[in-house]
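Below: one structure, written as structure tokens.
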Amino acid sequence: MHIVMGATGHVGSAVAETLLARGEPVGIITHDPGHADSWRDTKAEVIEANVNDVPSLRAAFQRGRRAFLLNPPADIRTDTDRVERSTVAKILAALPDSGLEKIVVESTAGAQPGERIGDLNVLWELEEGLRVQGIPAAINRAPYYFSNWDEQLDPIRETGKLQTMYPADLALPMAAPRDLGRAAADRLLSPAADAGVRHVEGPDRYSSNDVAQAFAEALGHPVEVVVTPREQWEDAYRKLGFSKPAANSYARMTAVSLDGGFDYDTRAIRGVTTLDEYIRQLVARS
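Residue 33 in our numbering sits at position 53 of the sequence shown; the count goes up by one each step and never skips.
If you want it as structure tokens, here you go:
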């Protein structure tokens, strides 16, 4: 059986759905069975475990042969770096004696050592922890998720403005969560020797201008790009409900990503979902 973390989220659910569609047995890890109601009518087995409880997480891993690992995002009202580094440590602690023969991990493009740069250093610590344990680990470094734009749909409808912290014409590696899930499922099913880091991207790279144009076409009215100046990034995150330490970490992560030129790889695994297709579907669902 394949054990899947994060199956109530965008990428984890795509991993589980892809495996089930291919006739593979799947176990869904959740700390609250009530959150897994959408899986009740599927062939997936719901396994109760808590990422903060190492014995329960190890017991969940012991139910399967392979596992998809995803460090759960912390509540933005908390110190996200502190919370997410803690859960990384617990995931790593649950792997010894788990009996797993292979693991696939969702990481991030640009992962690197550092302090208080959000996912970049948190997921670097996860990658480094996996390198020194004995289970073959396939690491997928994901780009900017298309779904990061989802929460702007209603404001764009109301104001005709799309907010961004990046230069409007800067093309970034992006991908649909469903494609990221399919890529992870493919590596779960590949031989154990298919380990190490692979980058995953969508079929093209897109700028904030491209995102605005996709929304404009889907909504039928013009959309203007509004770029938040760097000195206002932390305040912008705070207005979105981030705690002070979380806003600082996310602003620093944004700066490091922008100044570092992002993480490109010509050999990246390519998804098939275009930005236009994703935004059309997002608007249609709403």
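A virtual CB, placed ideally from N, CA and C, is assigned to each residue, including glycine.
Are three or more beta carbon pairs between the region 243 to 260 and the region 153 to 160 nearer than 8 angstroms?
Result yes; three or more Cβ-Cβ pairs closer than 8 angstroms.
Please determine, among L168, Y186 and F195, the residue with the shortest C-alpha to C-alpha distance to D130.
F195
For L100, count neighbouring Cβ atoms within 10 angstroms of its own Cβ and tell me buried if that reaches 16, exposed if not.
Result: buried.
Looking at C-alpha atoms only, which residue of G(-11), P123 and D61 is the closest neighbour of G241?
P123
Go ahead and pull the three-state DSSP assignment for M(-15).
coil
Please determine, among D166, I8 and K219, the residue with the shortest C-alpha to C-alpha distance to E28.
The residue with the shortest Cα to Cα distance from E28 is I8.
Hey, which unbroken runs of the beta strand (DSSP E) at 3 residues or more fall wholly within the region 29 to 67?
46 to 49
Determine, for R62, whether the minimum Cβ-Cβ distance to residues of chain C falls below 8 angstroms.
No chain C appears in the structure shown, which is made up of a single protein chain.
Select from L49, Q143 and Q42 the residue whose C-alpha is nearest the C-alpha of P209.
Q143
For the region 111 to 126 and the region 163 to 181, state whether three or more C-beta atom pairs, one from each stretch, are separated by less than 8 angstroms.
yes
Cβ atoms of Y217 and P153: under 8 angstroms apart, would you say?
no
Let me know the secondary structure DSSP gives P153 once reduced to three states.
strand
Per DSSP, which one or two residues make a beta bridge with S87?
R121
Looking only at its chain, what residues have a beta carbon closer than 8 angstroms to the beta carbon of Y220, apart from the 5 residues adjacent to it on each side?
Residue identity differs from the one stated: residue 220 is Leu in this sequence, not Tyr. Hits under 8 angstroms: I56.
Pick helix, strand or coil for K217, following the three-state DSSP scheme.
Per the sequence shown, the amino acid found at residue 217 is Tyr instead of Lys. Helix at Y217.
Judging by CA-CA distance, which residue of G182, A173, V180 and R185 is the nearest neighbour of K82?
Of the listed residues, the one whose Cα sits closest to K82 is A173.
Let me confirm a value: E211 is counted as buried when at least 16 other C-beta atoms fall within 10 Å, else exposed. Which label applies?
exposed
State the DSSP-derived secondary structure class of K141, mapped to helix, strand or coil.
strand
Beta-carbon within less than 6 angstroms of R260's beta-carbon, same chain only, minus the 5 sequence neighbours each way: which residues are those?
For R260, where only same-chain residues beyond five positions count, the Cβ hits under 6 angstroms are A198.
Which residue spans inside the region 178 to 237 form an unbroken beta strand (DSSP E) run of at least 3?
204 to 207
Taking the alpha-carbon positions, what's the S127 to A156 distance?
A156 has its alpha-carbon roughly 7 angstroms from the corresponding atom of S127.
Among A148, Y258, G114 and T58, which residue has its Cα nearest to the Cα of P183?
Y258
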